[in-house]
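Just below is one structure, and these are the notes that go with it.
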Amino acid sequence: MTEKNHYFEQVEECVGFLRELLPFIPSIVIQLGTGLGDLAGQVQAALTISYGEIPNFPTSTVSSHQGNLIVGHLHGTPVIILQGRFHCYEGYSSKEVAFPIRVLSLLGVRTLILTNAAGGLNPAIAPGSIMIFRDHLNLLGDNPLRGPNVESWGPRFPDFSVPYDPDLTGLALMSAQLCKLDNVITGVYACIPGPSLETPAETRWLRGCGADAVGMSSIPEIIVARHAGMDVLALSVISNVNDPDRMQPIILEEIIAAAAAVQPQLERLIIEVIRRIHAGEKSIHHPTNHLQDGTR
Ligand code: HPA
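Numbering of the sequence shown is given in my numbering, commencing with residue 11 and proceeding in unit increments.
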């Protein structure tokens with residue numbers, strides 16, 4: 011069996027399973043990252059299923075990640091929540107990491123919102139900021155679209171000249187203002203494979219490459235979502251800011267605690283954004299106050 015057929019069949023099997031099971035198919039999926047899973051508690055769930063019960067879904071090996079797919083309403087808006095994600099450092103290929111998003115795209119989900127914790131590289135960014143991805147650097151050394159392309163899923167060479175939908179970014183910036191959040195910025199996210207954290211030289215190099223923040227997740231899912239024609243809003247909580255000349259140890263417990271501290275603000279932002287997407291407002295709000303990267 012070719013690689014294409016095997017992955018294709020795994021995806022198709024999972025799509026068929028979820029199509030039968032899901033009570034309805036929301037158009038928005040929200041994937042929650044490290045220390046940011048609490049939003050799931052606010053969902054009026056119609057269905058909760060653990061990743062382990064879904065055919066061919068990878069299962070998370072990281073204890074800070076729960077593994078549940080939840081379908082329900084978040085303050086009145088239909089959503090799918092992916093509570094927990096997979097990472098290349100766990101040993102998964104980026105194709106495997108992005109498996110859930112490929113499946114959901116084929117079920118008809120149109121918008122991906124994802125959250126993660128990241129380390130700041132731009133010294134103008136304060137810890138506790140929320141960074142909306144404006145662009146990214148994929149430094150994984152892998153791409154989820156590697157291998158034979160399934161034409162019905164998307165083009166062989168997808169365009170990435172506008173990786174993040176400006177309307178959605180504008181909507182998020184406006185929602186931040188409405189929520190009176192003064193810690194929301196835009197910036198460039200660099201995705202490294204991990205799991206070792208950056209050395210001072212790597213930190214300096216990443217900053218020199220134009221990255222505002224660095225983390226180990228989300229880019230496989232984003233590439234697949236874009237390949238499938240979905241819009242993406244990616245939000246990093248900047249848990250720590252790394253200065254290559256005064257490098258401090260980066261400790262997971264501290265990252266989780268810092269993410270948790272910003273979680274209520276992130277939740278308010280997401281709830282406002284999805285309410286407006288649901289109300290059909292996405293296309294009419296343009297980013298009038300485009301913030302400079304790393305500044306308010
Ligand atoms: N580096 C990489 N990943 C991270 C960091 C960091 O400093 N902080 C949170 N996730």
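All C-beta atoms in this analysis are idealised placements derived from N, C-alpha and C, irrespective of residue type, glycine included.
request  = Please write down, chain order preserved, every residue whose beta carbon lies under 6 angstroms from a heavy atom of the ligand HPA.
outcome  = Ala127, Ala128, Gly129, Leu207, Glu208, Val224, Gly225, Met226, Ser249, Asn250, Asn252, Ile260, Ile265
key: Residues near Gly204 in its chain [Cβ-Cβ closer than 6 angstroms; skip 5 each side]   = Tyr99, Met226
inquiry  = Buried or exposed, going by whether 16 or more other CB atoms sit within 10 Å of the CB of Gln93?
reply    = buried
ask   = Whole-angstrom Cβ separation of Ile91 and Val53, contact assumed at under 8 angstroms?
value = 6 angstroms
task = Take Gly82 and list the residues in its own chain whose beta-carbon comes closer than 6 angstroms to its own, dropping the five residues that flank it on each side.
result = Val53, Gln54, Ala55, Ala56
task = Using the DSSP secondary-structure output, state which residues sit across from Gln93 in a beta bridge.
result = Leu42, Asn78
ask   = With burial defined as no fewer than 16 other Cβ atoms inside 10 Å of the residue's Cβ, what is the status of Gly51: buried or exposed?
value = exposed
query = Touch check for the stretch 247-265 and the stretch 199-214: three-plus C-beta pairs under 8 angstroms?
reply = yes
ask   = Touch check for the stretch 100-118 and the stretch 235-255: three-plus C-beta pairs under 8 angstroms?
value = yes
request  = Drop a sphere of 10 angstroms on the beta-carbon of Gly151, count the other beta-carbons inside from all chains shown, and report buried for 16 or more, exposed for fewer.
outcome  = exposed
task = Out of Ile233, Leu181, Phe27, point me to the one whose CA is closest to Pro168's CA.
result = Ile233
inquiry  = Does Pro210 come out as helix, strand or coil in the three-state DSSP assignment?
reply    = helix
query = Three-state secondary structure (DSSP) at His288?
reply = helix
query = Of all the beta strand (DSSP E) runs that stay within the bounds of the stretch 228-266, which reach a length of 3 or more residues?
reply = 241-251
query = From Arg29 to Arg217, what does the alpha carbon distance come to, in whole angstroms?
reply = 43 angstroms
task = Determine which residues share a DSSP beta bridge with Phe143 and list them.
result = Gly197
task = With distances taken Cα to Cα, identify the nearest neighbour of Glu22 among Gly62, Phe67, Gly43.
result = Phe67
task = Using beta-carbon positions only, say whether Asp192 and Asn132 come within less than 7 angstroms of one another.
result = no
query = Going by beta carbon distance, what residues of the same chain come within less than 6 angstroms of Leu124, once the five residues before and after it are set aside?
reply = Gln41, Ser228, Ala244
task = Note down the Cα distance separating Asp48 from Trp163, rounded to an integer number of angstroms.
result = 32 angstroms
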